[in-house]
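Trainee: Okay, here's the structure, questions in a sec.
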Amino acid sequence: MASQTPPTAQAQATASSTERPAVSTWNPNNDPAKTGYDPTKRWANYFNILLGKMTRERQEAFREDAYIRNEARDCSNCDKWRDYLFEYSPTIRFMSKNIMDLNGKLDRSNVQCRRCPTRRVIGEDGKEHTVRQGGGFSPDHGILICANEMRNQGHLEDTLAHEMVHAWDHLRWKVDWSDLRHAACTEIRASSLSGECRWTREFFVRNNFTLTQQHQNCVRNRAIRSVMNRPSCKDDVHATKVVNEVWDSCFADTRPFDEIYR
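If you number the sequence shown the way numbering that gives the first Met the number 0 does, the last residue is 261 and the count never jumps.
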């Protein structure tokens, strides 16, 4: 994060509990009278979603119910992919080494796979919206990977690399996460360096067929959305202003990489 003066870093992410809560087989938050989703009518639900007959509320309830049913499988796959990446991924191994050089440590003890329920927030339009995320970084606990959101090992690699950039930034510059400029800068760097905005992912996963400025646009949009989710951010205009203020220095800063590797 080039906009900040780097003090000596001594922080280290602490290990969180490795015990998982008992796996439920139904969604206790689903109200069939409100969502119209009846989990006992599985085949009818499958056909309705395939035929496009499900309302948004029913689709969300259907998805959450599936996340709960598949929690053990999703977390098992996530654990397996995580362990493989720490052993064999050049990007993850490189970031792990550089985090260790700053007296930090990230490994299976504090990179945890969990099911992440969809959050509901009230948007600027006064309506309720759902927010899903792939993971998160906490200076006190380490990294959380949302196992139910991981499509495959490659997706987890991008997500883990993203959160490890946040960890490196925090150790290197003592990020003030309540400062929107700090948050915007580390988000720009994490989105740019993790590989989640590379052309192939934009093209094949997000159906973004733009050939020019694709990487920059992806990074900018993801940073703006992230800043918008901060409590102190007023709206999308405020988020865009903050991102633009730090863009040049933060996008150009590829440390600890020599260049944008992925």
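For each residue, glycine too, the CB sits at the ideal point set by N, CA and C. These figures come from a predicted structure and were not determined experimentally.
Reducing DSSP to helix, strand and coil, say where Cys217 ends up.
Mentor: Counting from 1 along the sequence shown, the entry for residue 217 is found at position 218. Helix, per DSSP.
Trainee: Grouping DSSP H, G and I as helix and E and B as strand, with all else coil, what is Val132?
Mentor: Translated into positions along the sequence shown, residue 132 becomes position 133. For clarity, residue 132 is Gln in the given sequence; the question names Val instead. In this structure, Gln132 counts as coil in the three-state DSSP scheme.
Trainee: Using the Cα positions of Leu49 and Tyr83, report the straight-line distance between them to the nearest angstrom.
Mentor: Taking the first residue of the sequence shown as position 1, residue 49 is located at position 50. Taking the first residue of the sequence shown as position 1, residue 83 is located at position 84. The straight-line gap from Cα to Cα measures roughly 35 Å.
Trainee: Indicate the three-state DSSP secondary structure (helix, strand or coil) for Thr253 in the structure shown.
Mentor: What you label residue 253 is simply residue 254 of the sequence shown in a count that begins at 1. Coil, per DSSP.
Trainee: Along the chain, where does the beta strand (DSSP E) that runs through Leu101 open and close?
Mentor: Position 102 of the sequence shown, counted from the first residue, corresponds to residue 101. Taken as a continuous stretch (DSSP letters only), Leu101 belongs to no beta strand (DSSP E), as it is neither H nor E.
Trainee: How would you call Phe61, buried or exposed, if buried means at least 16 neighbouring beta carbons within 10 angstroms?
Mentor: Locating residue 61 in the sequence shown gives position 62, counting from the first residue. Label assigned to Phe61: buried.
Trainee: Counting C-beta neighbours from all protein chains within 10 Å, is the total for Asn97 16 or more, i.e. buried, or is it exposed?
Mentor: Along the sequence shown, read from residue 1 onward, the residue named residue 97 stands at position 98. With 16 or more Cβ atoms within 10 Å of its Cβ, Asn97 is classed as buried.
Trainee: Which residues mark the beginning and the end of the alpha helix (DSSP H) in which Leu143 is found?
Mentor: To locate residue 143, count along the sequence shown from 1; it is residue 144. Element bounds for Leu143: not the alpha helix (DSSP H) but the beta strand (DSSP E), Gly141 to Cys145.
Trainee: Does DSSP put Gln212 in a helix, a strand or coil?
Mentor: Your numbering for residue 212 matches position 213 in the sequence shown. Three-state result, Gln212: coil.
Trainee: With a 10 Å radius around its C-beta and 16 neighbouring C-beta atoms as the bar for buried, classify Gly272 as buried or exposed.
Mentor: The shown model of the chain, from 0 to 261, leaves out residue 272, and the question about it has no answer.
Trainee: Ends of the alpha helix (DSSP H) at Val164?
Mentor: In the sequence shown, the residue the question calls residue 164 occupies position 165. Its alpha helix (DSSP H) spans residues Gln152 to Trp172.
Trainee: Just to confirm, are Ser190 and Val236 a CB contact at a threshold of 7 Å?
Mentor: Position 191 of the sequence shown, counting from 1, holds the residue named residue 190. Position 237 of the sequence shown, counting from 1, holds the residue named residue 236. No, the pair does not count as a contact, with Cβ atoms beyond the cut-off.
Trainee: Distance check for Arg81 and Arg107, CA to CA, integer angstroms please.
Mentor: Residue 107 sits at position 108 when you count from the first residue of the sequence shown. Residue 81 sits at position 82 when you count from the first residue of the sequence shown. The straight-line gap from Cα to Cα measures roughly 8 Å.
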